[in-house]
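Written out below as structure tokens is the structure these notes cover.
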């Protein structure tokens, strides 16, 4: 799925800030200058700046401008996780080398998954494992399940996310190299249609100290996310 222009613009500035090309205290170009540079509207620029603010990378000071913060935080923001690829998401977060691996197969529905999707136990589900590492250090792993006939979040209207610090499942613990008994940050995602049919679930694990905060702002209507 093509990422919205505001996500792409924010990603470029985020990478420059975290890479040191835009040091703390420096002022970003004006909204009109950024709009002209990227050939977008002021509304798109405003959304990009809001995204950078949500990530703790810039501060907007009324009548003065937008400035890079002294201590940028690493914040997970929902739109990137669904409106662009994992490669783009992590690349926007970091100036270092990011590797993403995917493994696709089918898996029989467990009792829990069967209940979630309103299917019989044992029915084959699409199963995708996505693993990410940064300079060789594991930073994320996810298991995503979908019934046959669905692809991605096409047809979904709502996203429900649940965050918790939990003991990781064995496969996630192995990938993240956690010490037995250590907790990880987990995110459970459930995508549903307008009539409450579940079309995809995903369980993601991160090192507990990976993100300073989580920001949720997700619109699944394609008409609303087109810049």
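Residue numbers (our numbering): 5 to 231.
Note that beta-carbon positions come from the ideal geometry of N, C-alpha and C, so glycine has one too.
Own chain residues within Cβ distance below 6 Å of residue 208, not counting five before or after
Position 204 of the chain shown, counted from the first residue, corresponds to residue 208. 146 and 191, listed in sequence order.
Does residue 32 have its Cβ less than 8 Å from a Cβ in chain B?
The chain labelled as chain B is not found in the depicted structure, where only one protein chain is given.
State the Cα-Cα distance for the pair residue 103 and residue 45, rounded to the nearest angstrom.
Stepping through the chain shown from its first residue, residue 103 is reached at position 99. Stepping through the chain shown from its first residue, residue 45 is reached at position 41. Straight-line Cα distance between these residues: approximately 33 Å.
Between the region 194-207 and the region 154-166, do at least 3 Cβ pairs fall closer than 8 Å?
yes
By how many angstroms is the C-alpha of residue 51 removed from the C-alpha of residue 62?
By one-based count along the chain shown, residue 62 stands at place 58. By one-based count along the chain shown, residue 51 stands at place 47. Near 13 Å, if we compare the C-alpha coordinates of residue 51 and residue 62.
Residues bridged to residue 266 by DSSP?
A question about residue 266 goes unanswered here, because the residues of the chain that appear run from 5 up to 231.
Considering residue 180, what are the terminal residues of the alpha helix (DSSP H) in which it resides?
On the chain shown, position 176 is the one that residue 180 refers to. Its alpha helix (DSSP H) spans residues 174-180.
Bridge partners of residue 19, per DSSP?
If you number the chain shown from 1, residue 19 lands on position 15. Partner(s): none; residue 19 has no beta bridge.
Please list the terminal residues of the continuous beta strand (DSSP E) segment that includes residue 128.
Numbered from 1 along the chain shown, position 124 holds the residue referred to as residue 128. Where residue 128 is concerned, the enclosing beta strand (DSSP E) stretches over 128-138.
Which same chain residues, not among the five before or five after residue 85, have their C-beta less than 7 Å away from its C-beta?
By 1-based counting over the chain shown, the position of residue 85 is 81. Below a pLDDT of 50, predicted positions are generally treated as unreliable, and residue 85, at 48, falls in that range; no measurement from the model is reported.
Straight-line gap, residue 141 to residue 184 (C-alpha atoms, nearest Å):
Counting from one through the chain shown, the residue named residue 141 turns up at place 137. Counting from one through the chain shown, the residue named residue 184 turns up at place 180. Residue 141 and residue 184: Cα-Cα distance of roughly 18 Å.
Under the three-state reduction of DSSP, which class applies to residue 61: helix, strand or coil?
For this step, residue 61 is matched to residue 57 along the chain shown. Coil, per DSSP.
Determine the extent of the alpha helix (DSSP H) in which residue 39 is found, giving its start and end residues.
For the purposes of this step, residue 39 is identified with residue 35 of the chain shown, where counting begins at 1. Residues 35-42.
Please state if the CB of residue 143 and the CB of residue 210 are separated by a distance shorter than 8 Å.
Here the question's residue 210 lines up with position 206 in the chain shown. Here the question's residue 143 lines up with position 139 in the chain shown. Result yes, Cβ atoms of residue 210 and residue 143 sit closer than 8 Å.
Does DSSP classify residue 101 as helix, strand or coil?
On the chain shown, residue 101 is found 97 positions in, with the first residue counted as 1. Residue 101 falls in the coil class under three-state DSSP.
By a C-beta neighbour count over all protein chains shown, 10 Å radius and 16 as the cutoff for buried, is residue 83 buried or exposed?
Position 79 of the chain shown, counted from the start, is the residue given in the question as residue 83. Any answer about residue 83 is weak, because its pLDDT of 47 lies below 50 and its placement is not dependable; what the coordinates show is given next. So residue 83 counts as buried.
Helix, strand or coil, according to DSSP, for residue 115 in the structure here?
The residue you call residue 115 lines up with position 111 of the chain shown. Of the three classes helix, strand and coil, the one that applies to residue 115 here is helix, per DSSP.
By how many angstroms is the C-alpha of residue 26 removed from the C-alpha of residue 95?
Along the chain shown, read from residue 1 onward, the residue named residue 95 stands at position 91. Along the chain shown, read from residue 1 onward, the residue named residue 26 stands at position 22. Each residue's alpha carbon lies about 17 Å from the other.
Selected residue, minimal CA-CA separation from residue 128, among 187, 218, 151 and 122:
Taking the chain shown and counting its residues from 1, one reaches residue 128 at position 124. Ranking the options by Cα distance to residue 128, first place goes to 151.
Can you grab the Cα-Cα spacing for the pair residue 228 / residue 10, in whole Å?
As a first step, residue 228 is located in the chain shown; it is residue number 224 there, counting from the start. As a first step, residue 10 is located in the chain shown; it is residue number 6 there, counting from the start. In this prediction, residue 228 scores a pLDDT of 43, lower than 50, which makes its location untrustworthy; no coordinate-derived value is stated.
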